[in-house]
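**Q** One structure, pasted below without further comment.
2 protein chains.
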Amino acid sequence: MDVSRYAEFYRQKLLEDVLPFWARHSPDRKCGGYFTCLDRRGEIFDTDKFMWLQGRQVWTLAKMHRHARQDPAYLELAGLGAEFIRDHGFDKDGHVYFALERSGKPYANPCIFSDCFCAMGLAEYAAAAGAEWARELALRTYRGIQRWLQTKPDPYSRLVPGARPMESMVFDMINVNLSLELDSTIDQPVFRQRGIESLEKILRLFVDRKEGLVFEHVAPDGGHPDTFTGRLVTPGHALECLWFLIHAGRAWERDDAVATAVAAIPDMLEFGWDEEYGGFFYFMDARGKPPEQLEWDRKLWWVHAEALVALLEAFRCTGREEFAAWYEKVHAYTWEHFHDAEFGEWFGYLDRGGRAFLDLKGGKWKGCFHVPRCLWLCAEMLSDLA
Amino acid sequence: MDVSRYAEFYRQKLLEDVLPFWARHSPDRKCGGYFTCLDRRGEIFDTDKFMWLQGRQVWTLAKMHRHARQDPAYLELAGLGAEFIRDHGFDKDGHVYFALERSGKPYANPCIFSDCFCAMGLAEYAAAAGAEWARELALRTYRGIQRWLQTKPDPYSRLVPGARPMESMVFDMINVNLSLELDSTIDQPVFRQRGIESLEKILRLFVDRKEGLVFEHVAPDGGHPDTFTGRLVTPGHALECLWFLIHAGRAWERDDAVATAVAAIPDMLEFGWDEEYGGFFYFMDARGKPPEQLEWDRKLWWVHAEALVALLEAFRCTGREEFAAWYEKVHAYTWEHFHDAEFGEWFGYLDRGGRAFLDLKGGKWKGCFHVPRCLWLCAEMLSDLA
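Going line by line, the protein sequences match chains P and E. According to the working numbering, the residues represented by the first sequence are 1 to 386, in order. According to the working numbering, the residues represented by the second sequence are 387 to 772, in order.
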């Protein structure tokens with residue numbers, strides 16, 4: 001594998017293709033924050049502000065300013081989002097709305113992931129801009145998240161109280177990532193403590209070494225009820241979670257987490273890959289039964305971005321040739337199918353055969369995050385390897 | 387169009403293919419009710435009882451017993467579901483749970499559509515079996531639905547109170563169908579009154595004659611906000627709603643409803659049809675922007691079943707050749723792609739190209755309802771035309 005050539009390719013795509021797309025099309029200079037519903041050409045097709053994506057874009061821009069290319073334009077643009085979050089994002093309890101109208105008027109109620117990504121964005125912006133207010137706000141939001149995670153109150157759950165209790169990986173997964181991010185910019189012991197609690201829970205419950213699978217939901221004892229929920233495997237989530245474990249294990253000196261994650265990656269790659277058309281499936285059933293999700297076989301951008309990161313981490317940890325071969329296979333599929341050579345950035349959503357079925361670069365769920373994060377992390381790792 | 391040959395075909399598929407599939411594979415003789423998660427061969431892959439589908443199957447079996455073939459096995463099987471609904475389906479406020487575990491233990495909280503389909507099933511069963519208890523229970527459930535419809539309280543809404551208020555067609559659409567069904571078996575003036583209120587609301591708000599589209603959601607004044615929600619068009623829902631309007635208009639002497647529906651059908655057919663691969667799209671954007679739903683371009687069984695019914699109704703009302711031609715086109719697509727010649731019944735979910743991407747005959751949303759109702763109604767109309 002020609003790591004130098006790959007490193008240059010990822011760096012060039014990050015700085016000359018993907019970041020410019022967002023810098024050119026997403027800023028809302030009138031109301032603040034970013035437009036994320038951008039069609040193939042970058043034209044705006046919806047003006048609501050989805051707060052996960054606002055926080056994620058602040059994080060990306062501030063991070064790139066600090067680590068990829070120091071550019072006052074990135075920092076200024078990160079501030080546009082950070083101030084919009086500060087001025088409009090929070091409800092009276094300190095949680096972040098899921099969506100606002102363009103102007104900042106609340107539209108959809110808070111959701112814990114909005115809190116998480118806005119806390120990450122604010123912390124990174126604080127570090128990049130030396131903005132004390134952003135640091136304080138990130139810390140306050142983090143504390144609110146930790147309180148929420150103690151009991152995970154969900155006023156929107158349709159389940160009868162007590163019905164078949166299940167644990168979901170997504171909360172501990174994001175908490176590992178969030179805690180690690182804040183631990184890297186704010187000096188407080190709470191991040192490592194809480195992060196390790198979540199890391200241990202993932203190792204104990206969700207990574208099933210015997211089955212060679214990472215489960216999305218398990219019974220409180222780690223069992224796998226024979227239901228839609230109990231059988232669900234999400235290859236993209238699994239691979240993303242596994243590289244979170246590698247990063248956290250390295251930072252917090254938990255070699256067991258690194259070892260478990262590296263061992264689980266090959267099984268998830270094999271399980272999730274579509275042998276017929278290439279690409280990773282979105283949702284799968286651990287027992288091969290029909291999945292509940294009508295989009296189960298579609299190929300999503302973020303799944304492939306996270307797989308690339310997981311693969312390079314595994315390669316870097318082990319030096320094993322199989323990871324390099326997998327990396328080149330996923331790289332080839334990804335750049336052939338997701339990248340838009342004409343207008344830049346990646347298409348988000350491909351059908352099973354690899355054709356884009358939505359003509360967009362951003363929407364309610366896709367923003368300026370997975371692609372640039374992947375490009376940056378891959379470029380860093382590849383340079384390291386070179 | 388050889389209507390006699392078509393009539394015989396639909397009747398044969400109803401009585402010798404589709405109903406036998408459900409009679410053979412779905413009864414739960416141990417706990418009552420029906421299994422609906424059935425794979426291609428009819429094998430059970432999940433045992434929860436989804437209450438919409440329980441009510442719908444009771445309705446189908448009782449209706450077929452009364453109108454298609456008087457068969458004590460149908461009636462007995464309808465009773466198996468009706469008694470399960472009576473014994474386990476209702477919460478303390480008289481609403482029907484969305485899902486129960488196999489045993490009847492509550493799993494997911496009530497949902498108004500569970501109420502609607504269980505009321506329809508119980509009313510039809512009451513008529514078929516002369517079961518007074520079922521008649522009473524249907525009536526009580528209907529009253530609860532009408533109370534709910536006055537304000538549509540939704541404890542699960544994630545929207546900030548007062549945010550961009552919208553009206554949704556689905557509630558009035560189901561209320562027309564439900565009220566008409568109960569009006570045909572129970573002698574009370576309330577059904578016609580409430581049904582006509584919903585019919586008038588659909589004509590006033592959702593059928594946009596100028597645009598030639600039926601909108602899924604509109605502003606309270608009938609306007610079309612330029613948002614994901616405001617732009618949503620669902621061709622299957624639209625066509626189903628339009629034939630509900632034709633039936634209701636005929637029964638309740640509202641020629642305006644019949645005329646409006648018949649006039650709207652050709653526009654919805656043209657708008658919803660996939661010229662490239664055939665079949666009707668699932669979700670569409672009225673302005674051609676990227677839809678929010680990741681399954682927007684997939685081809686669903688019920689959409690095509692409802693289109694066939696709408697087409698024959700329009701043909702019967704007008705005698706216009708264009709409807710016969712459309713009918714034969716949709717018939718050809720449907721039977722070539724959805725029907726499973728090997729194991730019977732229809733696949734539920736095809737990708738855009740027409741390949742089944744879920745190997746199932748029933749699940750959480752597909753049961754014994756749209757296909758047999760379509761086959762029965764088409765056979766009746768075709769015999770009529772012959």
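Ideal placement from N, C-alpha and C gives every residue a C-beta, glycine not left out.
In three-state terms, what does DSSP make of ASP256(P)?
**A** Counting from 1 along the first sequence, the entry for residue 256(P) is found at position 256. Here ASP256(P) sits in helix by DSSP.
**Q** Taking the straight line between their C-alpha atoms, what separation do you get for CYS368(P) and LEU53(P)?
**A** Within the first sequence, the letter at position 368 stands for residue 368(P). Within the first sequence, the letter at position 53 stands for residue 53(P). Answer to the nearest angstrom: the Cα atoms are 7 Å apart.
**Q** Within its chain, find whatever has a CB closer than 6 Å to the CB of ALA494(E); leave out the 5 residues flanking it on each side and keep chain order.
**A** Against the second sequence, residue 494(E) aligns to sequence position 108. Scanning its chain for C-beta atoms nearer than 6 Å, with the 5 sequence neighbours on each side dropped, one finds around ALA494(E) the residues PHE484, ALA485, in chain order.
**Q** Anything in the stretch 671 to 687 of chain E with a Cβ closer than 8 Å to a Cβ of chain P? List those residues in chain order, please.
**A** LYS675, PRO676, PRO677, GLU678, LEU680, GLU681, TRP682, ASP683, ARG684
**Q** Is the shortest distance between the beta-carbon of ALA605(E) and the beta-carbons of chain P less than 9 Å?
**A** Locating residue 605(E) in the second sequence gives position 219, counting from the first residue. Cβ-Cβ to chain P under 9 Å: no for ALA605(E).
**Q** Taking C-beta pairs closer than 8 Å, name the residues in chain P that ARG738(E) reaches, listed in chain order.
**A** Position 352 of the second sequence, counted from the first residue, corresponds to residue 738(E). Simply ASP351, PHE357.
**Q** Please list, in chain order, all residues of the same chain as ALA238(P) whose beta carbon is under 7 Å from its beta carbon, the five residues on each side excluded.
**A** Working through the first sequence from its first residue, we reach residue 238(P) at position 238. Within the same chain, ALA238(P) has close Cβ partners VAL214, MET268.
**Q** So which residues of chain E does GLY363(P) contact, with C-beta pairs closer than 7 Å?
**A** Working through the first sequence from its first residue, we reach residue 363(P) at position 363. By Cβ distance, chain E contributes PRO676.
**Q** Tell me whether LEU77(P) sits in a helix, a strand or coil according to DSSP, three-state version.
**A** Along the first sequence, read from residue 1 onward, the residue named residue 77(P) stands at position 77. Looking at LEU77(P) - three-state DSSP - the assignment turns out to be helix.
**Q** Does ALA280(P) come out as helix, strand or coil in the three-state DSSP assignment?
**A** If you number the first sequence from 1, residue 280(P) lands on position 280. Note on residue identity: the sequence assigns Phe, not Ala, to residue 280(P). In the structure shown, PHE280(P) sits in a strand (DSSP, three-state: E or B).
**Q** CB VAL330(P) to CB PHE283(P), shorter than 9 Å?
**A** As a working note, residue 330(P) is residue 330 in the first sequence. As a working note, residue 283(P) is residue 283 in the first sequence. No, they are not a contact pair.
**Q** Could you pull the start and end residues of the alpha helix (DSSP H) that CYS37(P) belongs to?
**A** Position 37 of the first sequence, counted from the first residue, corresponds to residue 37(P). Where CYS37(P) is concerned, there is no enclosing alpha helix (DSSP H), although the beta strand (DSSP E) it sits in stretches over 37 to 39.
**Q** Along the beta strand (DSSP E) that carries ALA485(E), what are the first and last residues, could you check?
**A** By 1-based counting over the second sequence, the position of residue 485(E) is 99. Residue range 483 to 486 is occupied by the beta strand (DSSP E) that includes ALA485(E).
**Q** For the structure I just gave you, are there three or more beta carbon pairs, one from the stretch 182 to 201 of chain P and one from the stretch 130 to 148 of chain P, closer than 8 Å?
**A** yes
**Q** Any idea what DSSP makes of TRP365(P), helix, strand or coil?
**A** As a position in the first sequence, residue 365(P) is number 365, starting the count at 1. Residue state, collapsed to three classes: coil.
**Q** Go ahead and label ALA70(P) buried or exposed: buried means 16 or more other beta carbons lie within 10 angstroms of its beta carbon, across all protein chains shown.
**A** As a position in the first sequence, residue 70(P) is number 70, starting the count at 1. Inspection of the sequence shows that residue 70(P) is occupied by Gln rather than by Ala. Its Cβ having fewer than 16 others within 10 Å, GLN70(P) is exposed.
**Q** Taking the straight line between their C-alpha atoms, what separation do you get for ALA454(E) and GLU292(P)?
**A** Here residue 454(E) refers to the residue found at position 68 when the second sequence is read from its first residue. Here residue 292(P) refers to the residue found at position 292 when the first sequence is read from its first residue. Approximately 33 Å, taken between the alpha carbons.
**Q** How many whole angstroms separate the CB atoms of LEU736(E) and ARG684(E), which I take to be in contact at a CB cut-off of 8 Å?
**A** Here the question's residue 736(E) lines up with position 350 in the second sequence. Here the question's residue 684(E) lines up with position 298 in the second sequence. Yes, LEU736(E) and ARG684(E) are in contact; Cβ-Cβ is about 7 Å, under 8 Å.
**Q** Measuring only between beta-carbons, confirm whether ARG164(P) sits less than 9 Å from chain E.
**A** Residue 164(P) sits at position 164 when you count from the first residue of the first sequence. The beta carbon of ARG164(P) falls within 9 Å of a beta carbon belonging to chain E, placing the residue at that interface.
**Q** Can you list the beta strand (DSSP E) stretches of 3 or more residues lying completely in the stretch 410 to 458 of chain E, in chain order?
**A** 430 to 432
**Q** Report the rounded CA-to-CA distance for ALA549(E) versus CYS118(P), giving the unit in angstroms.
**A** The residue labelled residue 549(E) in the question sits at position 163 within the second sequence. The residue labelled residue 118(P) in the question sits at position 118 within the first sequence. The straight-line gap from Cα to Cα measures roughly 22 Å.
**Q** Output the residue ranges of the beta strand (DSSP E) runs that lie fully inside the stretch 303 to 369 of chain P and measure 3 residues or longer, sorted by chain position.
**A** Taking 3 residues as the shortest admissible run, the stretch 303 to 369 of chain P contains the following complete beta strand (DSSP E) segments, listed from N- to C-terminal end: 360 to 362.
**Q** Find the residues of chain E that neighbour LEU159(P), judging by a C-beta separation of less than 8 Å, and give them in chain order.
**A** Translated into positions along the first sequence, residue 159(P) becomes position 159. Think of a sphere of 8 Å around the beta carbon of LEU159(P): the chain E residues whose beta carbon falls inside it are TYR493, ALA494, ASN495, in chain order.
**Q** Take ARG66(P) and list the residues in its own chain whose beta-carbon comes closer than 8 Å to its own, dropping the five residues that flank it on each side.
**A** For this step, residue 66(P) is matched to residue 66 along the first sequence. Around ARG66(P), the same chain offers GLU124, ALA127, ALA128 as residues with beta carbons nearer than 8 Å, after the five sequence neighbours per side are excluded.
**Q** I'd like the list of long-range same chain contacts for ALA62(P), defined as Cβ closer than 6 Å, with 5 residues on each side in sequence excluded.
**A** Position 62 of the first sequence, counted from the start, is the residue given in the question as residue 62(P). Answer for ALA62(P): ALA78, GLU124, TYR125, ALA128, listed in chain order.
**Q** List the residues that DSSP assigns as beta-bridge partners of ASP594(E).
**A** Position 208 of the second sequence, counted from the first residue, corresponds to residue 594(E). ASP594(E) is bridged by DSSP to LEU599(E).
**Q** With 7 Å as the limit, tell me which residues of the stretch 223 to 249 of chain P have their beta carbon closer than that to any beta carbon of chain E; keep them in chain order.
**A** THR227, PHE228
**Q** Output needed for GLY212(P): all residues of its chain with C-beta closer than 6 Å, excluding positions within five of it in sequence on either side, in chain order.
**A** One-based indexing of the first sequence puts residue 212(P) at position 212. Hits under 6 Å: ASP267.
**Q** Taking buried to mean at least 16 other C-beta atoms within 10 Å of its own C-beta, is ASP434(E) buried or exposed?
**A** In the second sequence, residue 434(E) corresponds to position 48, counting from 1. Buried.
**Q** Drop a sphere of 10 angstroms on the beta-carbon of GLU699(E), count the other beta-carbons inside from all chains shown, and report buried for 16 or more, exposed for fewer.
**A** One-based indexing of the second sequence puts residue 699(E) at position 313. Burial call: buried.
**Q** So PRO106(P) is in the beta strand (DSSP E); what residue range does that whole segment cover?
**A** In the first sequence, the residue the question calls residue 106(P) occupies position 106. 106 to 110 is the extent of the beta strand (DSSP E) around PRO106(P).
**Q** Can you list the residues of chain E that TYR156(P) reaches, using a CB-CB cut of under 7 Å?
**A** As a working mapping, residue 156(P) is identified with position 156 in the first sequence. Annotation: Cβ neighbours of TYR156(P) in chain E (cutoff 7 Å, chain order): TYR542, ARG544.
**Q** Between THR60(P) and the rest of its own chain, which residues show a CB-CB distance below 6 Å, the 5 nearest in sequence each way excluded?
**A** What you label residue 60(P) is simply residue 60 of the first sequence in a count that begins at 1. Counting only Cβ-Cβ distances below 6 Å, and skipping sequence neighbours, we find CYS368, PHE369, PRO372.
**Q** Would you please state the rounded distance, in angstroms, between the beta carbons of LEU591(E) and GLY581(E)? I believe it to be under 8 Å.
**A** The residue labelled residue 591(E) in the question sits at position 205 within the second sequence. The residue labelled residue 581(E) in the question sits at position 195 within the second sequence. Beta-carbon to beta-carbon, LEU591(E) and GLY581(E) are separated by about 16 Å, too far to satisfy the 8 Å threshold.
**Q** Does the beta-carbon of TYR156(P) have 16 or more other beta-carbons within 10 angstroms, so that it is buried, or is it exposed?
**A** On the first sequence, residue 156(P) is found 156 positions in, with the first residue counted as 1. Flag for TYR156(P) reads exposed.
**Q** Within 9 Å of any Cβ in chain P, is that where the Cβ of GLU487(E) sits?
**A** One-based indexing of the second sequence puts residue 487(E) at position 101. Interface residue, yes.
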